[in-house]
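Data first, discussion second: the structure below is written as structure tokens.
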Amino acid sequence: MLGYKVPAPDEAMLISGGKAKGNAPFRVVTGHGAFVIPFFRKAAFLTLAMCEAEVAEKCVTQQGITLNVRAVIAFKVGNDTESIIAAAQRFLSEQDQMQVLTGRIFAGHLRSIIGSMTVEQIIRERQKLATEVLDGSKEEMARIGLAVDALQIQSIDDDGLGYIKAMSAPHNAAVQQQAQIAQAQADQKAAEAEQESQRKQAEFARETAIVKAQYKAEVDKAQAQAAQSGPLAEAQAQREVLAMRTELAQRAAELRQQELVAEVVKPAEAEAERVRILAVADAEKMKIQAEAAASHNRVALDKLLIDQLPVIVEKAALGLSNANVTVLNGADGISQVASGLVSQGLAIFDALRNGVAKDDAGDTAEDNVTPLPASVEGA
2 MLGYKVPAPD
12 EAMLISGGKA
22 KGNAPFRVVT
32 GHGAFVIPFF
42 RKAAFLTLAM
52 CEAEVAEKCV
62 TQQGITLNVR
72 AVIAFKVGND
82 TESIIAAAQR
92 FLSEQDQMQV
102 LTGRIFAGHL
112 RSIIGSMTVE
122 QIIRERQKLA
132 TEVLDGSKEE
142 MARIGLAVDA
152 LQIQSIDDDG
162 LGYIKAMSAP
172 HNAAVQQQAQ
182 IAQAQADQKA
192 AEAEQESQRK
202 QAEFARETAI
212 VKAQYKAEVD
222 KAQAQAAQSG
232 PLAEAQAQRE
242 VLAMRTELAQ
252 RAAELRQQEL
262 VAEVVKPAEA
272 EAERVRILAV
282 ADAEKMKIQA
292 EAAASHNRVA
302 LDKLLIDQLP
312 VIVEKAALGL
322 SNANVTVLNG
332 ADGISQVASG
342 LVSQGLAIFD
352 ALRNGVAKDD
362 AGDTAEDNVT
372 PLPASVEGA
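So the number in my numbering is just where the residue sits in the sequence shown, counting from 1, plus 1.
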């Protein structure tokens, strides 16, 4: 729009040619635009941006030692109206002169403050130096409308004199000694770490070898057991077969023994018993015959019964020989069987004899003979 002007964000627009507020010689506009009537008003612009000034000055200390000091100052025009008016009245036509004038102002204050300090103070208290320079120049800078944001001391040297180096020698020596000690300690720790690493490597290698040996031993053992498992199993099977064959042989021998007992021993024992029974019967027959011969009564009947007694006993013995009789007590048992048979025959004989005696005395002996019971004949 014709006649309307707007300053940049880092600029102040100065409008002259009209009345300003208060005692200001011109109107100051920042942050917005304003109408400038052509021919009647004039507008100019003053930078509010940050500016930088460098200082390189030879300064003499309290001890008379010359030092080369380099510093950098960061400054700008103040934001208030009074500072803008003061700076515009001094630097509007030649704004670059702000850096030159600022450098000269700080150089003067730097020489003045360093002259009141020793080299040791300057070196060790550099921040104090910067603060005193800022405090000393603040009022002067404010009068020309400038504000200092920062002051940085870049370097201080004695121009090859060697004073600063000599002053720092003990400290350097102490620092070097500490550095050597620290290096020695670091080397020692490194050596210890290397030794520990080698020890661990050796221990690991030893443990690895032991593990490998144990593994190989287990593998060899497993292989040996696997190689022996076949023969061992075969031997075990053969032992079991032999055991079964032995058991079968023992059972066969026991069965054969039982067969021999049934086929040979028992028949032989039965035959021997029969012969013995017959012998006993014959002996008993002769005894009865002797008794009958001594008796006058019933001689013929007794004789007949006596003649029948061997038959009775033989029948009983024959039945015994065909019977499967087990004698548990050996010869005593056989004698008991024989005695029983003879006693049975005698009992039968006495029964027949007493029965005949009860008949008529006039009958003959042949008529009074009682037939043998069927059980006796079948015996």
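For every residue, glycine included, the Cβ atom is placed at its ideal position computed from N, Cα and C.
- Per DSSP, Arg105 is one residue of the alpha helix (DSSP H) stretching across 98-116.
- With fewer than 16 other Cβ atoms from the protein chains shown falling within 10 Å of its own Cβ, Gly161 counts as exposed.
- By DSSP's assignment, Met14 forms a beta bridge with Val30, Phe46.
- In the DSSP assignment, Lys22 falls outside any beta strand (DSSP E) and carries neither an H nor an E.
- A residue is called buried once 16 or more other Cβ atoms fall within 10 Å of its Cβ, and Phe36, having fewer, is exposed.
- Around the beta carbon of Val56, 16 or more other beta carbons sit within 10 angstroms, so the residue counts as buried.
- Burial is judged here by how many other beta carbons sit within 10 angstroms of a residue's own beta carbon; Leu47 has at least 16 and is buried.
- When the five nearest sequence neighbours on each side are left out, the beta carbons in the same chain lying within less than 6 Å of the beta carbon of Arg127 are those of Ile154, in order along the chain.
- Note: Phe36 is bridge-paired with Tyr5 in the DSSP secondary-structure output.
- Under the three-state reduction of DSSP output, Ile74 falls in the strand class.
- Put simply, of Ala143, Val134, Gly4, Lys22 the residue whose alpha carbon is nearest the alpha carbon of Ile38 is Gly4.
- Looking at the DSSP output, Gln189 shares a beta bridge with no other residue.
- When the beta-carbon positions are compared, Thr62 and Met118 come within less than 8 Å of each other.
- Taken through DSSP and simplified to helix, strand or coil, Ile154 comes out as strand.
- Its chain contains Ile145 as the residues whose beta carbon lies nearer than 6 Å to that of Arg91, once the 5 sequence neighbours on both sides are disregarded; these appear in chain order.
- Taking C-beta atoms as the reference points, Ile85 and Pro26 fail to come closer than 8 Å.
- Rounded to whole angstroms, the separation of the alpha carbons of Ala254 and Glu274 is 28 Å.
- Here Glu53 carries a strand assignment [DSSP, helix/strand/coil].
- Distance from the CA atom of Glu235 to the CA atom of Ala225, rounded to whole angstroms, is 16 Å.
- DSSP places Leu256 within a helical segment (H, G or I) once states are collapsed to three.
- The alpha carbon of Lys43 has as its nearest neighbour, out of Ala131, Thr103, Lys6, Leu102, the alpha carbon of Lys6.
- A residue is called buried once 16 or more other Cβ atoms fall within 10 Å of its Cβ, and Arg28 is buried on that count.
- The continuous alpha helix (DSSP H) containing Ser84 extends over residues 82-92.
- A residue is called buried when at least 16 other Cβ atoms come within 10 angstroms of its Cβ; Pro171 does not meet this threshold and is exposed.
- Contact between Leu93 and Ala50 does not hold, since the beta-carbon distance rounds to 15 Å and is not under 8 Å.
- By alpha-carbon distance to Ile114, the top candidate from Gln96, Ala263, Asp136 is Asp136.
- Out of Ala13, Gly65, Asn69, the CA that lies nearest to the CA of Asp81 is found in Ala13.
- In this structure Glu58 does not touch Val73 by the C-beta definition: roughly 12 Å separates them, more than the 8 Å allowed.
- Val120 is a Cβ neighbour of Ile165, given a cutoff of 8 Å.
- Judged by DSSP in its simplified three-state form, Thr119 adopts coil rather than helix or strand.
- Per DSSP, the unbroken alpha helix (DSSP H) holding Gln128 starts and ends at 127-144.
- Here Thr62 carries a coil assignment [DSSP, helix/strand/coil].
- Closest by C-alpha distance to Thr31, out of Ala9, Ala21, Lys20, is Ala9.
- Under the three-state reduction of DSSP output, Leu162 falls in the coil class, being neither helix nor strand.
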